[in-house]
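**Q** Heads up: take any position in the sequence shown, counting from 1, add 10, and you land on the working numbering.
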Amino acid sequence: MYLSKLFIPITKNLPSEAKIKSHQLMIQTGMIKQSSAGIYSWLPLGFKVMKKIEQIVREEQNFIGAQEMLMPTIQSSEIWKESGRYEDYGEEMLRIKDRQGREMLYGPTNEELITDVFRTSVKSYKSLPQLLYHIQWKFRDEIRPRFGVMRCKEFYMKDAYSFDLSDEDAKKSYNKMFYSYLKTFSRLGLKAIPMAAETGPIGGDLSHEFVILAETGESQIYADKRILQIDPSQYKFNDVSLQKMRKDFSTIYAVTDEKFKENEFNKQVSKENQMVAKGIEVGHIFYFSDKYSKPMNCLIDDKDGKKTSVKMGSYGIGVSRLVGASIEANFNNNIMKWPKTISPFDVVIIPSISKNNKENLIKAENVYKELKKQNIDVLLDDVDENMSNKFKKHDLIGVPYQIIIGSKSEKDNFEFKELNSKSEILSLEKIKSKLKL
Ligand code: 5CA
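1. Please check the pair Ile413 and Ile359, which I expect to be a contact at CB under 8 Å, by giving their CB distance rounded to whole angstroms.
2. Just verifying my parser: in three-state terms, what is the DSSP assignment at Gly323?
3. According to DSSP, is Ala264 part of a helix, a strand, or is it coil?
4. Compare the beta carbon distance of Ser330 and Tyr116 with 7 Å and say whether it is the shorter of the two.
5. Classify Trp147 as buried or exposed, calling it buried when 16 or more other Cβ atoms lie within 10 Å of its own Cβ.
6. Tell me whether the beta-carbon of Met60 lies closer than 7 Å to the beta-carbon of His144.
7. Per DSSP, what kind of secondary structure is Met79 in: helix, strand or coil?
8. Measuring alpha carbon to alpha carbon, tell me which residue in Ser324, Ile240, Ser32, Ser319 is nearest Lys257.
9. Within 10 angstroms of its Cβ, does Met103 collect 16 or more other Cβ (buried), or is it exposed?
10. To which residues of the same chain is Met11 closer than 6 Å at the C-beta, ignoring the five residues directly before and after it?
11. In chain order, which continuous runs of the alpha helix (DSSP H) of length 4 or greater are located wholly inside the stretch 26 to 71?
12. Going by alpha carbons, who is nearest to Ala264 out of Ser303, Asn248, Glu208?
13. Does the stretch 374 to 391 come within contact of the stretch 427 to 437, defined as at least 3 CB pairs closer than 8 Å?
14. With a Cβ-Cβ cutoff of 7 Å, do Arg150 and Pro118 count as a contact?
15. Does DSSP classify Lys442 as helix, strand or coil?
16. Output the boundary residues of the alpha helix (DSSP H) element that contains Gln278.
17. Are three or more beta carbon pairs between the stretch 209 to 216 and the stretch 295 to 304 nearer than 8 Å?
18. Whole angstroms are fine: how far does the CA of Asn367 sit from the CA of Gly416?
19. In the DSSP assignment, what residue or residues form a beta bridge with Val409?
20. Measure from the alpha carbon of Met346 to the alpha carbon of each residue in Glu369, Met36, Met306, then state which is nearest.
21. Who does Thr318 pair with in a DSSP beta bridge?
22. Please return the same chain residues whose Cβ sits closer than 8 Å to the Cβ of Glu64, not counting the five positions on each side in sequence.
23. Looking at the unbroken alpha helix (DSSP H) that takes in Asp126, where does it start and where does it end?
24. Return the CA-CA distance between Gly75 and Leu24, expressed in angstroms with no decimal places.
25. With distance defined between alpha-carbon atoms, name the residue in Met322, Val357, Lys382, Asp356 nearest to Glu178.
26. Could you check the C-alpha separation between Leu309 and Thr318 for me, to the nearest Å?
27. Which partner residues does Gln284 have in the DSSP bridge list?
28. Where does Ala374 fall in DSSP's three states?
29. With a threshold of 16 other CB atoms inside 10 Å of the CB of Ala28, please say whether the residue is buried or exposed.
30. Please name the residue, chosen from Lys181, Lys58, Lys163, Asp311, that lies closest to Asp249 on a Cα-to-Cα basis.
31. Once the 5 residues before and after Glu219 are set aside, which same chain residues still bring their CB inside 6 Å of it?
32. Do you know offhand how far Asn385's Cα is from Lys444's?
33. Tell me the rounded alpha-carbon separation between Ile203 and Ser190.
34. Could you check the C-alpha separation between Lys254 and Leu223 for me, to the nearest Å?
35. How is the alpha helix (DSSP H) around Met187 delimited, first residue to last?
36. Closest to Asn120 by C-alpha separation, out of Tyr302, Val357, Gln34, would be which residue?
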């Protein structure tokens, strides 16, 4: 893609409510545009990053055997009345009437809808366990939408649902998701800490929030620092190893503020290991047994032909929130550096060009063609602008690698730079192999 053709409305005008870095940067680099309070359009640059995050989330859900499907955004109120949440959900739920006067709503989450899908299709324990997920827009009429895509009314979420015959089996599904989440966040270049959490309006008594550390986060966390040292990659994908994984994480103190008790914290964690910090909740998993299946009559025949309520859990990841969270975690000294896995482009070519000298632009176009042939996603900055402005702009756009075509580049050797590091002169072959790593 040529920068001059990319729809990337860069602006210096920041709205006064853009208080945190991710919100400012996403507006500045034209990743999003606010449509109304807490509702955004995703412009090409932002959309590309979000789609990359979505794809990693999808791959890691598929890896543990979850199956993708798609449920609608608009739901009927009937099923919510069955579960008893229609009234409970309060003003956060956007309620609508269709032309026949039927009460509908824009889904804030999908426990009821998936339970309805499940109860009409599955009747026997033989079809269990099942893990189903979708990646779909949600709407919550948040009282104070803020921080850009971090807390908005309309947001993009991956929500998965597990169905099992017994509590014991259901915990196995829970552990698989626990594993999948740690793997997903690590592929996104984020260190997420699983924290014992309250269940709120979703319900149940077992729940973990996955939180990444960031000063601008809305969650207050209390933990034993040693939790940061557990390496999730040491666990294998089998029930025994996954159970050990959750146990290892659970034996180290880590809670969100609703669960925090000062005396417990002081008793369980030595002073030097105490960590009190702010974080961003990027995922939340719940086990709630038959909270929905019982009132909604979602019954399964067990081995003896006896009817029993199916045991369920739900598992959310804030896909759109992760775009902002990633900026909060990776923006430093006025430089944004996207992790390779979710960067909007693999590399940017920055030629020094002027009205009278297009030689570098021609060289840049040749390099561009070469890299494209290798399926490398390249951005070419063909805009006629001085180099210092270009560098400032690319510090914000955050593509992690740059090929600078100016005085330092020779025939087939070019200045190659990783953001935040010194540049080096490399042959195109070397550059290709570095980018393919
Ligand atoms: N049904 C459960 C699990 S599927 C559920 O809805 N959980 S949740 O409420 O915790 O949301 C899941 C994730 O969505 C959160 O961890 C967070 O990352 C994201 N999220 C929740 N509310 C918002 C919001 N208002 N704006 C942006 N992201 C949000």
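A virtual CB, placed ideally from N, CA and C, is assigned to each residue, including glycine.
**A** Let me spell this out:
1. 5 Å
2. strand
3. strand
4. no
5. exposed
6. no
7. coil
8. Ile240
9. buried
10. Leu389
11. 31 to 38
12. Glu208
13. no
14. yes
15. helix
16. 272 to 278
17. yes
18. 11 Å
19. Bridge partners of Val409: none, in fact.
20. Met36
21. Ile310
22. Ile145, Tyr166, Lys168, Val329
23. 121 to 131
24. 44 Å
25. Met322
26. 5 Å
27. Asp234
28. helix
29. buried
30. Lys181
31. Met205, Ala207, Thr266, Glu291, His294
32. 14 Å
33. 13 Å
34. 24 Å
35. 177 to 197
36. Tyr302
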